[in-house]
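Participant: With our numbering applied, the sequence shown covers 39 to 453. From the three backbone atoms N, C-alpha and C, an ideal C-beta is built for every residue, glycine too. Treat the numbers as computed from the prediction; the structure is a model and nothing was measured. What follows is a single structure, and I will ask about it in a moment.
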Amino acid sequence: MPDQAVHLHRNGGSAVRYGNPAWEAARQSDLIDIRVDYANAKSLMRDDGHEFINLCSCSYLGLHNNPEILEGAIDAIRQTGALDLPISRIRLRLNLLEELEDGLSEIFEARTISAVTSSSATAGVLPLIASGHMSPDGVPPLMIFDKHAHFSMDYIKPICADETEVVTCRHNDLNFVEDACRKSPNVAYVCDGVYSMGGLAPIRELMDLQDRYGLFLFIDDSHALSLHGVTGRGFARSCMPEVNHRTVIIASLGKAFGGSGGAIMLGPTRSEDILTRFGGPLAWSQGLNVPGVGAGIASVRLHKSHVLTDLQAALQRNIALFDELVPNDQAGNGFPLKVITLGDEKKSVDVSKRMLERGYYTSAVFFPIVKRGAAGLRVMLRADLTEADIRNFAATLNETIDEFDLAEAGAGNAA
Ligand SMILES: *Cc1c(COP(=O)(O)O)cnc(C)c1O
């Protein structure tokens, strides 16, 4: 048997052991592996003809079927006459890709490069932060991961731990981070801007620690890009005057942005060359393909127009209305990600199943997505839902949860 050095940062065995039963329950209730087609712009249709609205789409601005973005993808293929330029970007890259990255750099006001997904961007960047190559000091930092950092970051921890010391802190634990900064001259903190299970990082306080101690920040802002900030630059970027040489922000372009791929916003240090040469999949794997690039260029155009501000405003109206109608822990924070905690895994699956029958897909979430005993429903609001959609959905959700609460109370009384 291997010694105790095993499972310092990951434990696949226990994740499957504790996590898989709930997936099985979800499958028995036909809540996963559902095959669908788009019924229309807003609804999906299951193979048996049942139509429903997906309330867990990451397309927060409803740009997934925007005609200009679709045309952008098609035009790019026509213009290029190829699906891809299949060679590492370090050696050869299409002018079209350069055009996209210039456009992204302009709207995010930071040098931005693309990747095939934000997960591959993270896999490329984090180990180079660990080895000290992304910061001006060039020294491997003590690396602190927030306990709730997204899977895509958590997954790379063991690779980072092979380069430097890696620790995990409690969620948003600024005291822990400051304490580390006092003890060590080089500290990097890895977090989400907006967390997948709701809630925000204290970006301004982290910037303050950066000012005082030189803290390096890696922030995944996938859930805020496009839907928040001037020209859709996201939550984290909006909290800072510039992306400085001690900050990297990454985000998915496959969510509110309405395209595909990932974006890496870099500071003025010339870390880009090291990143594209030594950043794992950024160097060896495929980049964004031609339709992805074309869609992205079209989306950048929309981000510079009133289309973006109109959609951002529509999303805010839907969020405010939902918060008024359904109590939730994230109410008032201005972001579309909601977790309605129900506690019990079976109840979450049952409520989700009933909601689907009634025309709305909400994901039941359970360990290891959320901590054990905190199962519930994840709801993601969108700009392309009407006021009536939100009102009907909220009423259905409240009624359904009430029914289950009443049944539980009844069972309690009978016992
Ligand atoms: C969705 C998501 C990702 C994954 O994005 P891809 O571009 O699909 O790899 C990464 N981080 C966070 C916080 C996400 O929500």
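State the DSSP-derived secondary structure class of ILE70, mapped to helix, strand or coil.
Facilitator: Taking the first residue of the sequence shown as position 1, residue 70 is located at position 32. ILE70 falls in the coil class under three-state DSSP.
Participant: Hey, is the stretch 397 to 415 in contact with the stretch 58 to 73, meaning 3+ C-beta pairs nearer than 8 Å?
Facilitator: yes
Participant: Checking 8 Å against the spacing of the C-beta atoms, do THR150 and GLU139 come in under that value?
Facilitator: Working through the sequence shown from its first residue, we reach residue 150 at position 112. Working through the sequence shown from its first residue, we reach residue 139 at position 101. Yes, the Cβ-Cβ distance between THR150 and GLU139 is below 8 Å.
Participant: Mapping DSSP to helix, strand and coil, what is GLU280?
Facilitator: Within the sequence shown, numbered from 1, the residue matching residue 280 stands at position 242. Residue state, collapsed to three classes: coil.
Participant: Please determine if the stretch 186 to 202 and the stretch 44 to 57 are in contact, where contact requires at least 3 C-beta pairs separated by less than 8 Å.
Facilitator: yes
Participant: Spell out the partners DSSP gives ASP258 in its beta bridges.
Facilitator: Position 220 of the sequence shown, counted from the first residue, corresponds to residue 258. Per DSSP, ASP230 and ILE288.
Participant: Helix, strand or coil: how does DSSP classify ASN356 here?
Facilitator: Against the sequence shown, residue 356 aligns to sequence position 318. Residue state, collapsed to three classes: helix.
Participant: Does the Cβ of ILE125 have 16 or more other Cβ atoms within 10 Å, making it buried, or fewer, making it exposed?
Facilitator: Walking along the sequence shown from the start, residue 125 turns up at place 87. So ILE125 counts as exposed.
Participant: Here's a check: name, in chain order, each residue in its chain whose Cβ is nearer than 7 Å to the Cβ of PHE442, leaving out the five neighbours to either side.
Facilitator: Here residue 442 corresponds to residue number 404 of the sequence shown, with the count starting at 1. The answer, listed in chain order, is LYS385, ASP388 and VAL389.
Participant: Where VAL328 and TRP322 are concerned, what is the direct C-alpha to C-alpha distance, given to the nearest angstrom?
Facilitator: On the sequence shown, residue 328 is found 290 positions in, with the first residue counted as 1. On the sequence shown, residue 322 is found 284 positions in, with the first residue counted as 1. Rounded to whole angstroms, VAL328 to TRP322 spans 18 Å at the Cα level.
Participant: Candidates ALA421, ALA336, LEU435 and MET181: which alpha carbon is nearest TYR98's?
Facilitator: As a first step, residue 98 must be located in the sequence shown, where it is residue number 60. Residue ALA421 is the option with its Cα nearest to TYR98.
Participant: What are the boundary residues of the alpha helix (DSSP H) that includes ASP382?
Facilitator: One-based indexing of the sequence shown puts residue 382 at position 344. From DSSP, ASP382 is part of no alpha helix (DSSP H); its letter is neither H nor E.
Participant: So the alpha helix (DSSP H) GLY414 belongs to, where does it begin and stop?
Facilitator: Taking the sequence shown and counting its residues from 1, one reaches residue 414 at position 376. Note, GLY414: premise wrong, no alpha helix (DSSP H); beta strand (DSSP E) at 413 to 418.
Participant: Using alpha carbons as the reference points, say which of SER156, HIS171 and PHE295 lies closest to HIS102.
Facilitator: Within the sequence shown, the letter at position 64 stands for residue 102. If we check each option's Cα against that of HIS102, PHE295 comes out closest.
Participant: What separation, rounded to the nearest whole angstrom, lies between the Cα atoms of GLY252 and ASP175?
Facilitator: Counting from 1 along the sequence shown, the entry for residue 252 is found at position 214. Counting from 1 along the sequence shown, the entry for residue 175 is found at position 137. Rounded to whole angstroms, GLY252 to ASP175 spans 10 Å at the Cα level.
Participant: Measuring from the CB of CYS94, is there a heavy atom of ligand 1 at a distance below 7 Å?
Facilitator: For the purposes of this step, residue 94 is taken as the residue at position 56 of the sequence shown. No, the Cβ of CYS94 stays beyond 7 Å of every heavy atom of ligand 1.
Participant: Just to check, is the beta-carbon of GLY334 closer than 7 Å to a non-hydrogen atom of ligand 1?
Facilitator: For this step, residue 334 is matched to residue 296 along the sequence shown. Incorrect: GLY334 has no Cβ contact closer than 7 Å to ligand 1.
Participant: Considering only DSSP beta bridges, list what ASP184 is partnered with.
Facilitator: Against the sequence shown, residue 184 aligns to sequence position 146. Note: ASP184 sits in a beta bridge opposite CYS207.
Participant: Excluding the 5 residues flanking CYS207 on each side, which residues of the same chain have their C-beta closer than 7 Å to its C-beta?
Facilitator: On the sequence shown, position 169 is the one that residue 207 refers to. Listed in chain order, the non-local C-beta contacts of CYS207 below 7 Å within the same chain comprise ILE182, ASP184, LYS185, PHE214 and VAL215, local neighbours out to five positions each way being set aside.
Participant: Please confirm whether LEU93 and VAL408 have their CB atoms less than 8 Å apart.
Facilitator: On the sequence shown, residue 93 is found 55 positions in, with the first residue counted as 1. On the sequence shown, residue 408 is found 370 positions in, with the first residue counted as 1. Cβ atoms of LEU93 and VAL408: not closer than 8 Å.
Participant: Ligand 1 and HIS188: does any heavy atom of the ligand fall closer than 7 Å to the residue's C-beta?
Facilitator: Reading the sequence shown from its first residue, position 150 is the one you call residue 188. Yes; taking the cut-off as 7 Å, the Cβ of HIS188 has a heavy atom of ligand 1 nearer than that.
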